[in-house]
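Read the structure below first, then the notes.
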Amino acid sequence: MFFLSISSQECFLASKANWGEDSLECRKNVSLYSEFMKQKVYPDAAKFWNKTQTFCPKYKPNLYKNGIYIYKQIAKEEKKTKSTKLKLYVDTIYSIYDAWVTNFGNCNEIKADLAADIMAFDASKGFPKAYALYKEVFEKSPQLTSYNDIKYFVYANKYMLKTKKIECDQFLENYETLSSICDSNISKDNKADKYINVQAFLDKEISPCASCDKLEEIYFSKYNSDSENMDLIKKIFERLSNNRCTESNLYITLLDKVLNDPDNPPTAKDLYNAAVADYKRKEFLKAEERFNRSISICEDEKLNQKMYEILYDIAFNKKQYKKGFSIAGKLSDKCISNDKKARIIAASSFKYGNSALNKSLIYCLALKYASSSCGKTTTSAINSWNGQLLPKSELIMLDIKSNSSQQVPFWGQNVELKTRD
Numbered sequence: 000m001f002f003l004s005i006s007s008q009e010c011f012l013a014s015k016a017n018w019g020e021d022s023l024e025c026r027k028n029v030s031l032y033s034e035f036m037k038q039k040v041y042p043d044a045a046k047f048w049n050k051t052q053t054f055c056p057k058y059k060p061n062l063y064k065n066g067i068y069i070y071k072q073i074a075k076e077e078k079k080t081k082s083t084k085l086k087l088y089v090d091t092i093y094s095i096y097d098a099w100v101t102n103f104g105n106c107n108e109i110k111a112d113l114a115a116d117i118m119a120f121d122a123s124k125g126f127p128k129a130y131a132l133y134k135e136v137f138e139k140s141p142q143l144t145s146y147n148d149i150k151y152f153v154y155a156n157k158y159m160l161k162t163k164k165i166e167c168d169q170f171l172e173n174y175e176t177l178s179s180i181c182d183s184n185i186s187k188d189n190k191a192d193k194y195i196n197v198q199a200f201l202d203k204e205i206s207p208c209a210s211c212d213k214l215e216e217i218y219f220s221k222y223n224s225d226s227e228n229m230d231l232i233k234k235i236f237e238r239l240s241n242n243r244c245t246e247s248n249l250y251i252t253l254l255d256k257v258l259n260d261p262d263n264p265p266t267a268k269d270l271y272n273a274a275v276a277d278y279k280r281k282e283f284l285k286a287e288e289r290f291n292r293s294i295s296i297c298e299d300e301k302l303n304q305k306m307y308e309i310l311y312d313i314a315f316n317k318k319q320y321k322k323g324f325s326i327a328g329k330l331s332d333k334c335i336s337n338d339k340k341a342r343i344i345a346a347s348s349f350k351y352g353n354s355a356l357n358k359s360l361i362y363c364l365a366l367k368y369a370s371s372s373c374g375k376t377t378t379s380a381i382n383s384w385n386g387q388l389l390p391k392s393e394l395i396m397l398d399i400k401s402n403s404s405q406q407v408p409f410w411g412q413n414v415e416l417k418t419r420d
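Sequential numbering from 0 applies to the sequence shown in numbering that gives the first Met the number 0.
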């Protein structure tokens, strides 16, 4: 197993190669393992890597990085086939880490890499070790981590919580550290989409520990210690919104500050968070007003699309059919747009399908848009709507030809009149 000590010095950077006592053998084996590694012939690369490590263990720190990479590729193949040799290769990876530390000293980059490899190959046995390594790296050198490392650390936290090695308070403290890292990368537009998704994952996984009472307790003390810090206020406001703690006294206090501070006008995201909270409380008028304010200043098209979808839902719930249809037209995904148009047209039949013919025409129009939804409209919905069409026999009685062009009541669009048979 591995016995890396916890320390925090910077990684050693070799200014030049140390070829060891037998430089010819070292050079030869470096060349051979490097070539096999390039060719992805990993068993041969491993053979000559081991010889390199024997002849010149202090060649360069990169020697150990490459050795770990080579054995990881072999281990991945063994894992796919559920080979009994997997443990042997994983232990070899750990021994390479030990040799790296022995020859060049420990550092946070090594710890971050080791923690990730423990989680990838040996999580069930290595959670406590991975947790300890990650905790130090995230606190001291977060720049060395990735969004995947955040996920791994969360899984380690969950194990530590489940086995009562840490309490909820510690998990919440780690959550704050990780959320700050997400915020930093999002603000710098460094793989922002990935970190936005990871933040959503964080919010979901912390939920067993994040009761609204608990979050309010934590954030209330932070707010009281710096109650004029708008960056802090907005961060707390967003965390409470994400965790649906929109009924708390603290949330209401922050809502007023975030939306009405003349020196710090609300951002599109602030307005979005407030509107989502209104929507969840079914305060639709407030939600609409704030969503529309957000859209008017928002430059993030993905966020705009989210808001259009919620505004469509509000219009649908309020039976504002033409408004919902118009909002659906603003969705960039035309398949989703046509599905939503079809659904809101179909829903209007209850109010405007005041005769069998009018109802049939409305469902014909809904089916027209559903046919362009790329399968987004469910088969069950399509079958139900088809069942609402008039049969040919009734059209004959009405002296109307099937497949003729007819104007749809309320909607003012022409549609080809279909029948159910």
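Ideal Cβ placement from N, Cα and C applies to all residues, glycine included.
{"Check": "Which of helix, strand or coil DSSP assigns to V414", "Outcome": "strand"}
{"Check": "Proximity below 8 Å, CB of Y96 to CB of I67", "Outcome": "yes"}
{"Check": "Three-state class that DSSP yields for S404 in the structure shown", "Outcome": "strand"}
{"Check": "Segment limits, alpha helix (DSSP H) that includes G66", "Outcome": "P60 to K79"}
{"Check": "Reduced DSSP category for R419 - H, G, I as helix; E, B as strand; rest coil", "Outcome": "coil"}
{"Check": "Assigned secondary structure, I344 (DSSP; H/G/I helix, E/B strand, else coil)", "Outcome": "helix"}
{"Check": "Identity of the residue in K279, R419, W99 and N147 nearest R243 by Cα", "Outcome": "K279"}
{"Check": "Cβ-Cβ distance between N105 and K139 below 8 Å", "Outcome": "no"}
{"Check": "Any alpha helix (DSSP H) of 4 or more consecutive residues that is wholly inside the segment 313-371", "Outcome": "320-327, 333-346, 348-351 and 355-369"}
{"Check": "For I309 and G374, the rounded distance between their alpha carbons", "Outcome": "21 Å"}
{"Check": "Burial state of E287 (16 or more Cβ within 10 Å)", "Outcome": "buried"}
{"Check": "Where L397 falls, given that 16 or more other Cβ within 10 Å makes a residue buried", "Outcome": "exposed"}
{"Check": "Cβ-Cβ distance between L214 and L239 below 8 Å", "Outcome": "yes"}
{"Check": "Rounded C-alpha distance that separates E172 from C297", "Outcome": "31 Å"}
{"Check": "Residues near G19 in its chain [Cβ-Cβ closer than 6 Å; skip 5 each side]", "Outcome": "C25, F54 and C55"}
{"Check": "Backbone CA spacing between S224 and L177 [nearest angstrom]", "Outcome": "21 Å"}
{"Check": "8 Å Cβ cutoff met for D299 and A273", "Outcome": "no"}
{"Check": "Any chain B beta carbon closer than 8 Å to N156", "Outcome": "Among the chains of the structure shown, chain B does not appear; only one protein chain is present."}
{"Check": "Beta-carbon proximity list for S331, same chain, < 8 Å, skipping 5 on both sides", "Outcome": "E300 and Q304"}
{"Check": "Y311 vs K339 beta-carbon contact at 8 Å", "Outcome": "yes"}
{"Check": "Under 8 Å between C-beta atoms of I180 and I149", "Outcome": "yes"}
{"Check": "Boundaries (first-last residue) of the alpha helix (DSSP H) holding Q169", "Outcome": "C167 to S186"}
{"Check": "Residue interval of the alpha helix (DSSP H) (run including K279)", "Outcome": "A267 to K279"}
{"Check": "Cβ pair I205, F170 closer than 8 Å", "Outcome": "yes"}
{"Check": "N- and C-terminal bounds of the alpha helix (DSSP H) containing C373", "Outcome": "Element bounds for C373: n/a, residue is neither H nor E."}
{"Check": "Limits of the unbroken alpha helix (DSSP H) element including V89", "Outcome": "L85 to F103"}
{"Check": "For Q142, the three-state DSSP class (helix, strand or coil)", "Outcome": "helix"}
{"Check": "The alpha helix (DSSP H) enclosing V29, as first and last residue numbers", "Outcome": "S22 to K37"}
{"Check": "Pair within 8 Å by beta-carbon distance, F315 and Y351", "Outcome": "no"}
{"Check": "C-alpha distance - L62 paired with K128, whole-angstrom precision", "Outcome": "24 Å"}
{"Check": "Endpoints, alpha helix (DSSP H) assigned at C211", "Outcome": "C211 to S224"}
{"Check": "CA-to-CA distance, L302 to V414, given in whole angstroms", "Outcome": "34 Å"}
{"Check": "Assigned exposure category for Q406 - 16 Cβ within 10 Å defines buried", "Outcome": "exposed"}
{"Check": "Alpha-carbon to alpha-carbon, S371 and L388", "Outcome": "19 Å"}
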